[in-house]
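In my numbering, the protein residues as written are 41 to 232.
Glycine included, each C-beta is placed from N, C-alpha and C at the ideal position.
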Amino acid sequence: MSSHAPDGAVALPAPAAWIAKTEQTLGTAVALVAAAILLFEVGLLFVGVIARYFLHRPLIWADELASTLFVWLSVLGAVLAMRRNAHMRLTTFIGRASPVLRQRIETTVLLVIAAFVLLIAWPAIEYAMDEAIVRTPGLDISNSWRASAVAVGAMLIAVFSPSRHRASSFSPQARRSRCSCAWRSGSPARCS
41 MSSHAPDGAV ALPAPAAWIA KTEQTLGTAV ALVAAAILLF EVGLLFVGVI
91 ARYFLHRPLI WADELASTLF VWLSVLGAVL AMRRNAHMRL TTFIGRASPV
141 LRQRIETTVL LVIAAFVLLI AWPAIEYAMD EAIVRTPGLD ISNSWRASAV
191 AVGAMLIAVF SPSRHRASSF SPQARRSRCS CAWRSGSPAR CS
């Protein structure tokens with residue numbers, strides 16, 4: 041992605057390319073962590089069932105760990121859904137809207153999501169700090185491991201919201217709808 045300067049030095053990539061690369065790397069990291077948690081969770085629950093029902097020796101700590109991992113998995117799943125634009129929505133109403141109105145609705149929804157997660161980020165951080173003194177009975181670890189999932193998820197969704205907006209605003213479909221509306225209004229110069 042970088043180009044060579046005339047004197048042979050490597051030029052830095054443009055800020056937009058660097059941001060896109062960072063977002064891609066962060067998104068891949070979140071997906072890998074979520075996949076690892078999912079695989080570990082399945083194995084942990086399987087071992088817990090075997091220990092409880094076949095060996096009659098339940099692993100008390102396994103239930104605690106599974107519930108903590110499930111919270112993290114849920115939050116990271118929400119982050120990935122936001123990044124991939126796969127959140128549930130009222131597609132019946134959005135699908136019937138004109139392309140321009142659909143784009144405005146999408147922008148509004150992304151702004152509302154970003155505002156919401158920014159509003160809950162600090163209270164979620166405070167909650168995680170408050171939970172630091174609470175110890176889980178089976179694992180004897182701080183409950184802030186569980187409580188911090190919401191804060192991390194809120195911050196990651198806030199990070200991915202602008203890139204999601206950029207992707208939806210500059211997609212070929214959005215560009216075609218802006219061009220067709222510009223042609224109908226008599227100003228094709230706005231098609232860039």
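Pick from Ala164, Val199, Ser138 that is closest to Ile153, judged by C-alpha positions: For the purposes of this step, residue 153 is taken as the residue at position 113 of the sequence shown. Selected option, being the one with the closest Cα: Val199.
At which residues does the alpha helix (DSSP H) containing Ile77 begin and terminate? Residue numbering aside, residue 77 sits at position 37 when the sequence shown is read from its first letter. Taken as a continuous stretch (DSSP letters only), the alpha helix (DSSP H) holding Ile77 covers 55-89.
Those residues which DSSP pairs with Arg175 across a bridge: Residue mapping note: residue 175 aligns to position 135 of the sequence shown, counting from 1. Paired residues: Ser182.
Within 10 angstroms of the Cβ of Trp162, are there 16 or more other Cβ atoms? Answer buried if so, exposed if not. Along the sequence shown, one-based indexing puts residue 162 at 122. Trp162 comes out exposed.
Go ahead and pull the three-state DSSP assignment for Arg124. Here the question's residue 124 lines up with position 84 in the sequence shown. Looking at Arg124 - three-state DSSP - the assignment turns out to be coil, as it is neither helix nor strand.
Buried/exposed call for Val82, threshold 16 Cβ in 10 Å: Numbered from its first residue, the sequence shown carries residue 82 at position 42. By the 10 Å Cβ count, Val82 comes out exposed.
Hey, would you say Ala106 sits closer than 9 Å to Gly88, going by beta carbons? In the sequence shown, the residue the question calls residue 106 occupies position 66. In the sequence shown, the residue the question calls residue 88 occupies position 48. Contact flag set, yes.
Where Arg92 and Trp58 are concerned, what is the direct C-alpha to C-alpha distance, given to the nearest angstrom? If you number the sequence shown from 1, residue 92 lands on position 52. If you number the sequence shown from 1, residue 58 lands on position 18. The straight-line gap from Cα to Cα measures roughly 50 Å.
Have a look at Ser217 and His127 and give me their C-alpha separation to the nearest angstrom. Walking along the sequence shown from the start, residue 217 turns up at place 177. Walking along the sequence shown from the start, residue 127 turns up at place 87. Because Ser217 sits at a pLDDT of 47, beneath the cut-off of 50, its placement in the model cannot be relied upon, and the following sentence gives the value as read from the coordinates. Answer to the nearest angstrom: the Cα atoms are 23 Å apart.
Count the C-beta pairs between the stretch 128-148 and the stretch 71-78 that are closer than 8 Å, then say yes if the count reaches three, no if not. no
Report the three-state DSSP secondary structure of Arg97 (helix, strand or coil). Your numbering for residue 97 matches position 57 in the sequence shown. Reduced to three states, the DSSP call for Arg97 is coil.
Pro55 classed as buried or exposed, judged by whether at least 16 other C-beta atoms fall within 10 angstroms: Mapped onto the sequence shown, residue 55 falls at position 15. By the neighbour-count rule (16 or more Cβ atoms within 10 Å), Pro55 is not buried but exposed.
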